[in-house]
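Comments concern the structure below.
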Amino acid sequence: MIDFSAFLALANTPLEAFTPKPTSFEGDQQEASIALFTSADGRVEIGVWECTPGRFTADRSAASEFCHFISGKVEMTHADGSKVQLGAGDAIALPLGWKGEWRVIEQVRKLYVIMQG
1 MIDFSAFLAL
11 ANTPLEAFTP
21 KPTSFEGDQQ
31 EASIALFTSA
41 DGRVEIGVWE
51 CTPGRFTADR
61 SAASEFCHFI
71 SGKVEMTHAD
81 GSKVQLGAGD
91 AIALPLGWKG
101 EWRVIEQVRK
111 LYVIMQG
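Just so we're aligned, residue 1 is where the sequence shown starts under my numbering, counting upward by one.
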């Protein structure tokens, strides 16, 4: 039988403890997350992630990612210098190989889907 997993009340889903954001280079950023689903082969993970204001670098060389923002506001700068602001209700797909920078303007929470390359 197919498992139709449902993830309800994502804005209130409890997360693991906040820890320092390793790729942060501005602000005392802290992040927390929880994996809600991992495929049997480990190539797909769905979860919720939250991060405090500041800036960090991101590298999607090994995996692509889909993000749906639940709360907060971010500005993303792509490697070509183009920028996009995203907030609650917005979504973005980061293809395999994407590199850029995130500026968390307001503490942000997102649903993520990571697919290993």
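Here a beta-carbon is modelled for each residue, glycine too, at the ideal position from N, C-alpha and C.
None of the values given here were measured: they were computed from a predicted structure.
Thinking C-beta only, is residue j closer than 8 Å to residue i?
{"i": "Glu65", "j": "Val113", "result": "yes"}
{"i": "Phe69", "j": "Ala93", "result": "no"}
{"i": "Val74", "j": "Val108", "result": "yes"}
{"i": "Leu8", "j": "Leu111", "result": "no"}
{"i": "Trp102", "j": "Arg55", "result": "yes"}
{"i": "Glu106", "j": "Pro53", "result": "yes"}
Rounding to the nearest angstrom, what Cα-Cα distance links residue i and residue j in this structure?
{"i": "Gly100", "j": "Cys67", "result": "15 Å"}
{"i": "Ile34", "j": "Pro14", "result": "8 Å"}
{"i": "Val84", "j": "Met76", "result": "5 Å"}
{"i": "Ala6", "j": "Thr38", "result": "13 Å"}
{"i": "Leu86", "j": "Leu36", "result": "23 Å"}
{"i": "Met115", "j": "Pro22", "result": "21 Å"}
Going by other Cβ atoms of all chains shown within 10 Å of its Cβ, with 16 needed for buried, is residue i buried or exposed?
{"i": "Ser82", "result": "exposed"}
{"i": "Gln29", "result": "buried"}
{"i": "Glu50", "result": "buried"}
{"i": "Gly117", "result": "exposed"}
{"i": "Gly89", "result": "exposed"}
{"i": "Gly42", "result": "exposed"}
{"i": "Ser24", "result": "buried"}
{"i": "Glu26", "result": "exposed"}
{"i": "Glu31", "result": "buried"}
Where DSSP assigns a beta bridge to residue i, which residues make up the other side?
{"i": "Ala58", "result": "Gly100"}
{"i": "Thr77", "result": "Lys83, Glu101"}
{"i": "Gln29", "result": "The partner list for Gln29 (beta bridge, DSSP) is empty, contrary to what the question assumes."}
{"i": "Ala88", "result": "Bridge partners of Ala88: none, in fact."}
Return helix, strand or coil for residue i, following the three-state DSSP convention.
{"i": "Leu15", "result": "coil"}
{"i": "Leu94", "result": "strand"}
{"i": "Leu10", "result": "helix"}
{"i": "Lys21", "result": "coil"}
{"i": "Gly72", "result": "strand"}
{"i": "Ala35", "result": "strand"}
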